[in-house]
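Going by this note's numbering, the first residue of the sequence shown is number 115, and it counts up by one from there. Shown next, in structure tokens, is the structure this report addresses.
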Amino acid sequence: MLGGRLLNAAIVGIAGPSLSREEAALLRAHPPAGVILFARNIQSPDQLCALIANLRRILPPEAVLVIDQEGGRVARLRPPYWRAHPAARAVGAAGLRAAWLTGALIGLDCRAAGFDVVTAPVLDLPIVGAHAVIGDRAFATEAGSVARLGRAFAAGLLAAGIQPVAKHAPGHGRALVDSHLLLPRVGTDQLDADLLPFALNTDVPWAMSAHIVYAAWDAALPATLSPTVIKTIIRDRIGFEGVLVTDDLAMHALTGKPADLARQALAAGCDVALYCSGEFAPTAELLQICPKLTEAATARLAAARSLAQRRRLPLDAAALAAERDRLLA
Numbered sequence: 115m116l117g118g119r120l121l122n123a124a125i126v127g128i129a130g131p132s133l134s135r136e137e138a139a140l141l142r143a144h145p146p147a148g149v150i151l152f153a154r155n156i157q158s159p160d161q162l163c164a165l166i167a168n169l170r171r172i173l174p175p176e177a178v179l180v181i182d183q184e185g186g187r188v189a190r191l192r193p194p195y196w197r198a199h200p201a202a203r204a205v206g207a208a209g210l211r212a213a214w215l216t217g218a219l220i221g222l223d224c225r226a227a228g229f230d231v232v233t234a235p236v237l238d239l240p241i242v243g244a245h246a247v248i249g250d251r252a253f254a255t256e257a258g259s260v261a262r263l264g265r266a267f268a269a270g271l272l273a274a275g276i277q278p279v280a281k282h283a284p285g286h287g288r289a290l291v292d293s294h295l296l297l298p299r300v301g302t303d304q305l306d307a308d309l310l311p312f313a314l315n316t317d318v319p320w321a322m323s324a325h326i327v328y329a330a331w332d333a334a335l336p337a338t339l340s341p342t343v344i345k346t347i348i349r350d351r352i353g354f355e356g357v358l359v360t361d362d363l364a365m366h367a368l369t370g371k372p373a374d375l376a377r378q379a380l381a382a383g384c385d386v387a388l389y390c391s392g393e394f395a396p397t398a399e400l401l402q403i404c405p406k407l408t409e410a411a412t413a414r415l416a417a418a419r420s421l422a423q424r425r426r427l428p429l430d431a432a433a434l435a436a437e438r439d440r441l442l443a
């Protein structure tokens, strides 16, 4: 809360490497649950430190700073200033210890930079013939292995004091098109294997929904906007009780104004709407009309923060990196 007011149930992006005056005024007037940063916002450690310090001054203490840092092709902190990390497929091939070490090292990088939440691990089960948007972002090709490796990676993030986000529930691995560009439709009802990695990781404190239509469950609405998929599949069948955040509402899988999509996703059962474009006008509209965090969502966010605090360990980054290099060699 800020001055007794609940935060808006949204995490938003900003335009560039510094906070504009109008962005600062918007975040003060309509404080979101968090801000997510991308490569466009990151130039150097000193610049990032200044940006995060400014965001911390403006945002309420409960708001989170988020980054998409899986390793491989999905990485916003990159050399020469930050460590390079392999894609999940290479990590998975090296085993559970390599997965934990990679999670811990990514977590240490992100924690040192000032972030609270990392949108990883990917728990999607890749299917032969599907679109390559998941591809090497998946840890393995067998559901049990994905579950175990993803769990180890998430445990490493938590050991670094970072809150992990399991994605993309209830499973993105069968998509035949990239949801950044088009709306995927999955026709099969044989989805037990896709659900298993999520069902075995229900204690990961955050999960991200998929912009995919699963015809067996809801032939009209993608999971992000479907009360049926969120309640019946993600909450009940999978058993996930943590913070459920949407995938980016700016992705072209969805049509409509971001503010309307946010309200629809929140009404469907998501806890937080994610809008990453950094465009000021639609971000302002979204924050101005976005519902506040529910009491349940506020409690889930507090529980996620507490879990990362409790699980944090004293870690030696150089020793962990040397061990991982040996495993990956």
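C-beta atoms are modelled at their ideal positions from N, C-alpha and C, and glycine is treated no differently. Nothing here was measured: the structure is a model prediction, and the numbers come from that model.
Ranked by Cα distance from LEU222, the options LEU239, ALA244, ALA198 are led by ALA198. Counting only residues of its own chain and dropping the five nearest sequence neighbours on each side, ASP230 has a CB closer than 8 Å to the CB of GLY148, VAL178, LEU179, VAL180, ILE276, GLN277, ARG419, ALA422. In the structure shown, the three-state DSSP call for SER323 is strand.
For PRO311, the secondary structure class from DSSP, reduced to helix, strand or coil, is helix. The closest CA to that of LEU339, considering only ILE352, LEU415, ASP362, is found on ASP362. Taking a C-beta distance under 7 Å as the contact criterion, ALA208 and LEU429 do not qualify as a contact pair. For VAL236, there is no enclosing alpha helix (DSSP H), since its DSSP letter is neither H nor E. If you draw a straight line from the Cα of SER158 to the Cα of ARG192, it is about 10 Å long. With a 10 Å radius around the Cβ and a threshold of 16 neighbouring Cβ atoms, LYS345 comes out exposed. In this structure, the alpha-carbon of LEU388 lies about 16 Å from that of GLN183.
The C-beta of GLN304 has fewer than 16 other C-beta atoms within 10 Å across all chains shown, which makes the residue exposed.
For ASP160, the enclosing alpha helix (DSSP H) stretches over residues 159 to 172.
Partner residues in the beta bridge of ARG299, as assigned by DSSP, are VAL327.
If you draw a straight line from the Cα of PRO146 to the Cα of LEU297, it is about 27 Å long. For LEU179, the pairing in a beta bridge is given by DSSP as VAL149.
Proximity of the segment 393 to 401 to the segment 239 to 255 falls short of the contact definition, fewer than three beta-carbon pairs being nearer than 8 Å. Taken through DSSP and simplified to helix, strand or coil, PRO200 comes out as coil. The residues GLU137, GLY392, in chain order, have a CB closer than 6 Å to that of ILE128 in the same chain once the five nearest residues on each side in sequence are set aside. Taking ARG251 as the centre and dropping the five residues before and after it, the same chain places the C-beta of GLU184, GLY186, VAL188, ALA201, ALA202, VAL236 closer than 7 Å to its C-beta, in chain order. The three-state reading of DSSP puts ASP439 in helix, counting H, G and I together. Taken through DSSP and simplified to helix, strand or coil, LEU388 comes out as strand. When the five nearest sequence neighbours on each side are left out, the beta carbons in the same chain lying within less than 6 Å of the beta carbon of HIS286 are those of ASP238, ILE248, ALA324, in order along the chain. If you draw a straight line from the Cα of ILE125 to the Cα of ALA433, it comes to about 34 Å.
At the C-beta level, ALA381 and PHE354 stay beyond 7 Å of one another. In this structure, DSSP gives GLY127 an extended state, which the three-state scheme calls strand.
Scanning the segment 332 to 403 for uninterrupted beta strand (DSSP E) segments of 3 residues or longer gives 357 to 362, 386 to 389, listed from N- to C-terminal end. Between ALA212 and ARG438, the CB-CB gap stays under 7 Å. The beta carbon of LYS406 sits closer than 8 Å to those of ARG119, LEU120, LEU121, ASN122, ALA123, all from its chain and outside the five residues before and after it, given in chain order. A Cβ-Cβ distance of about 4 Å is found for the pair LEU401 and HIS144, placing them in contact under the 8 Å criterion.
Remark: C-beta atoms of PRO131 and ASN155 approach each other more closely than 7 Å.
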